[in-house]
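In what follows, a single structure is set out as structure tokens and then discussed.
Protein chains: 2
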Amino acid sequence: MRSSDIPEIRSLRLFESMSDSAFDSLMQAAYLQTFPAQLDLIREGDPADFLYVLTEGCVEMYARTGQRETTMGMVWPVGAFILAAVLKDAVNLMSARTVQKSRLLLIPASNVRSAFEADEAFARAIVTELAGCFREVVKEQKDLKLRSSVERLANRLIRFDREMGGTGAFDLPYDKRTLASHLGMTPENLSRAFNTLKPYGVEVDGSRIRLTDMKSLNGLARPDPLIDDRTT
Amino acid sequence: MRSSDIPEIRSLRLFESMSDSAFDSLMQAAYLQTFPAQLDLIREGDPADFLYVLTEGCVEMYARTGQRETTMGMVWPVGAFILAAVLKDAVNLMSARTVQKSRLLLIPASNVRSAFEADEAFARAIVTELAGCFREVVKEQKDLKLRSSVERLANRLIRFDREMGGTGAFDLPYDKRTLASHLGMTPENLSRAFNTLKPYGVEVDGSRIRLTDMKSLNGLARPDPLIDDRTT
DNA sequence: ACGATAACTTGATTAACATCAAGGAGAGGC
DNA sequence: GCCTCTCCTTGATGTTAATCAAGTTATCGT
Numbered sequence: 130m131r132s133s134d135i136p137e138i139r140s141l142r143l144f145e146s147m148s149d150s151a152f153d154s155l156m157q158a159a160y161l162q163t164f165p166a167q168l169d170l171i172r173e174g175d176p177a178d179f180l181y182v183l184t185e186g187c188v189e190m191y192a193r194t195g196q197r198e199t200t201m202g203m204v205w206p207v208g209a210f211i212l213a214a215v216l217k218d219a220v221n222l223m224s225a226r227t228v229q230k231s232r233l234l235l236i237p238a239s240n241v242r243s244a245f246e247a248d249e250a251f252a253r254a255i256v257t258e259l260a261g262c263f264r265e266v267v268k269e270q271k272d273l274k275l276r277s278s279v280e281r282l283a284n285r286l287i288r289f290d291r292e293m294g295g296t297g298a299f300d301l302p303y304d305k306r307t308l309a310s311h312l313g314m315t316p317e318n319l320s321r322a323f324n325t326l327k328p329y330g331v332e333v334d335g336s337r338i339r340l341t342d343m344k345s346l347n348g349l350a351r352p353d354p355l356i357d358d359r360t361t
Numbered sequence: 130m131r132s133s134d135i136p137e138i139r140s141l142r143l144f145e146s147m148s149d150s151a152f153d154s155l156m157q158a159a160y161l162q163t164f165p166a167q168l169d170l171i172r173e174g175d176p177a178d179f180l181y182v183l184t185e186g187c188v189e190m191y192a193r194t195g196q197r198e199t200t201m202g203m204v205w206p207v208g209a210f211i212l213a214a215v216l217k218d219a220v221n222l223m224s225a226r227t228v229q230k231s232r233l234l235l236i237p238a239s240n241v242r243s244a245f246e247a248d249e250a251f252a253r254a255i256v257t258e259l260a261g262c263f264r265e266v267v268k269e270q271k272d273l274k275l276r277s278s279v280e281r282l283a284n285r286l287i288r289f290d291r292e293m294g295g296t297g298a299f300d301l302p303y304d305k306r307t308l309a310s311h312l313g314m315t316p317e318n319l320s321r322a323f324n325t326l327k328p329y330g331v332e333v334d335g336s337r338i339r340l341t342d343m344k345s346l347n348g349l350a351r352p353d354p355l356i357d358d359r360t361t
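Those sequence lines, one after another, are chains D and V. Here my numbering = 1-based position in the first sequence + 129. Here my numbering = 1-based position in the second sequence + 129.
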């Protein structure tokens, strides 16, 4: 792998506190690879052979049963995924595919597990990471069970805006079809939900969103820090 | 606390591999207490002051936003809850209340965190526990997003039956109102869903359930190991 | 055993959301 | 430039699930 990529991976919270020797041996076993858009990386049900670390691009986590499919989450740089399956030496519960051209570090699962055994600091960092992942999914589940689809959209828009600088104007970070699936609705209903939000100051032009009446949008969305804050 | 309770807590996967000294100091700081039914133990938004370990009874995890409330999961003996919030020294994302009279071990959060710092084996056990918790929530989310309410009920009944011996007859482990909320539906719709399942061999008499045509019930439910198996 | 209370069921209605079927707008290829 | 294809939108319709309103059956306490 390119040595120029190592510092940014090293700076991931997951790796920053581990010993140099453990980190180096992990990196020596790892592959850094660039993948084109829309490429399937992992398939649910398959054994978790690698821990994936995304350094550039964007990855969609999704799941299927029977004919139905849904987006479970999006991964942004620098982020790791399928950590839980790797640690439990289990099969993946979710599939993953690139959204855009993406650069990924693939660390063989067995090396991750032995680093976990050998390096105490790494084991501890994993705990923090996993606890965070768990809490994210719990928040997603609360969002799904306690809100209507229009409320979910409104809150997601507020969150996008906040994450992208809070200027009240931003581009959707991925396409509407995927956003709909992530929010647990159909593309048709996402369109209609955007129309429902028009009176609340939500202007849509392609992927460009402008929020011109945050007060009234907040009134509808009623954001809840225990669902919408990513920091806690 | 009663010393007679220690062995069963010690045998929890979370504690079994930790050193005697770390375990003893955790237990010395802990309180073992019995609570009546329907008592609120923790409230979402409050700091996670204790790690809870349920040794007898049953606890419901639930969440609220605005006026709406939903059941997030049930805890059975011997099980720990709000581990993630304790480790992150964060606020609880879920509330908890006893369903029946229950016996609980309360371990101060700061002691859990220092045991986590001091005892390597404990830190590793926590990873396994957390990875398992994460995967459980992911499965719940797939269940919610990929299935209709009737399918969710059918699969839950199949799972109850399996967990309780696979005899085709069992009592619902908690009341229908809570089951409905856990499955993401109203009590009225749960009733109707049971009626929908009657032609598939689902007989209901109060809380007594009999599954008399597993083949046809499985045909409707189409259980998926990546959603319904608790072991993987 | 009795009444009071809560849990559950049923039916009627409404609301939310999905599906089906076109149409239109935009991006990329040549 | 135009064509093609995909993505998105809109409207009509159908399905699913929530709500409202009684009833009915259990459960609990005395």
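Backbone N, C-alpha and C fix where the C-beta goes; we use that ideal spot for every residue, glycine too.
- In this structure, DSSP gives Y329 of chain D a helical state, which the three-state scheme calls helix.
- Nearest neighbour of K305 of chain D by Cα position, chosen from D:T296, D:T315, D:G297, turns out to be D:T315.
- For A177 of chain D, the CB contacts under 6 Å within the same chain, skipping 5 residues up- and downstream, are I211, A214, V215, N221, A238 in chain order.
- Chain order gives the chain V residues near D353 of chain D as T194, where near means a beta carbon separation below 7 Å.
- Interface residue (Cβ-Cβ distance to chain V less than 7 Å): T163 of chain D is not classified as such.
- With a cutoff of 7 Å on beta-carbon distance, V182 of chain D and A158 of chain D are scored as not near each other.
- In the DSSP assignment, V228 of chain V falls outside any beta strand (DSSP E) and carries neither an H nor an E.
- Judged by pairs of C-beta atoms under 8 Å, the segment 343 to 357 of chain D touches the segment 271 to 291 of chain D, as three or more such pairs exist.
- Under the three-state reduction of DSSP, L216 of chain D is assigned to helix.
- For T200 of chain V, the closest C-alpha among the options V:Y329, V:P206, V:A192 is that of V:A192.
- The beta carbon of K268 of chain V sits closer than 7 Å to those of I356, all from its chain and outside the five residues before and after it, given in chain order.
- Between the segment 131 to 147 of chain D and the segment 253 to 270 of chain D there are three or more inter-stretch CB-CB distances shorter than 8 Å, so the stretches are counted as touching.
- If you look at I171 of chain D, you'll find it in the beta strand (DSSP E) that goes 169 to 171.
- Distance from the Cα of M223 of chain D is smallest, within the candidate group D:N318, D:E189, D:I236, D:E185, for D:E189.
- Within the segment 166 to 200 of chain D, the complete beta strand (DSSP E) segments of 3 residues or longer fall at 169 to 171, 179 to 185, 188 to 194, listed in chain order.
- Beta-carbon to beta-carbon, L346 of chain V and L312 of chain V are separated by about 16 Å, too far to satisfy the 8 Å threshold.
- Within the segment 167 to 195 of chain V, E173, G174, A192, R193, T194, G195 place their CB atoms closer than 8 Å to a CB of chain D, listed in sequence order.
- When 9 Å is used as the limit between beta carbons, G313 of chain V is near these residues of chain D: L273, K274, in chain order.
- Runs of the beta strand (DSSP E) lying entirely within the segment 263 to 334 of chain D and spanning at least 3 residues, in chain order: 298 to 300, 331 to 334.
- Beta-carbon to beta-carbon, Q270 of chain D and V266 of chain V are separated by about 6 Å, close enough to satisfy the 8 Å threshold.
- In the three-state DSSP reduction, L161 of chain D falls in the strand class (E or B).
- At a cut-off of 7 Å between C-beta atoms, A283 of chain D does not count as an interface residue with respect to chain V.
- Note that the C-beta distance between T184 of chain V and R232 of chain V is below 7 Å.
- Between R253 of chain V and chain D, the shortest Cβ-Cβ separation is below 7 Å.
- Within chain D, the residues whose beta carbon sits less than 9 Å from that of R264 of chain V are A213, A214, K217, A219, L222, listed in sequence order.
- When V:K327, V:M343, V:L326, V:G174 are compared, the shortest CA-CA separation from G297 of chain V is found for V:M343.
- In the structure shown, M203 of chain D falls within a strand segment according to DSSP collapsed to helix, strand and coil.
- In this structure, the beta-carbon distance from A252 of chain V to A151 of chain V does not fall below 7 Å.
- Below the 8 Å Cβ cutoff, chain V contributes no neighbours of A244 of chain D, its closest Cβ being approximately 12 Å away.
- Going by DSSP, I138 of chain D is part of the alpha helix (DSSP H) stretching over 135 to 139.
- R142 of chain D carries a helical assignment under DSSP once its states are collapsed to helix, strand and coil.
- Excluding its 5 nearest sequence neighbours in each direction, V241 of chain D has C-beta neighbours in its own chain below 6 Å: L180, V215, listed in chain order.
- Taking all protein chains shown into account, R197 of chain V has fewer than 16 neighbouring C-beta atoms within 10 Å of its C-beta and is therefore exposed.
- If you check the CB distance, I338 of chain V and F299 of chain V come in under 7 Å.
- Within chain D, no residue has its CB atom less than 7 Å from the CB of R142 of chain V, the nearest being about 12 Å off.
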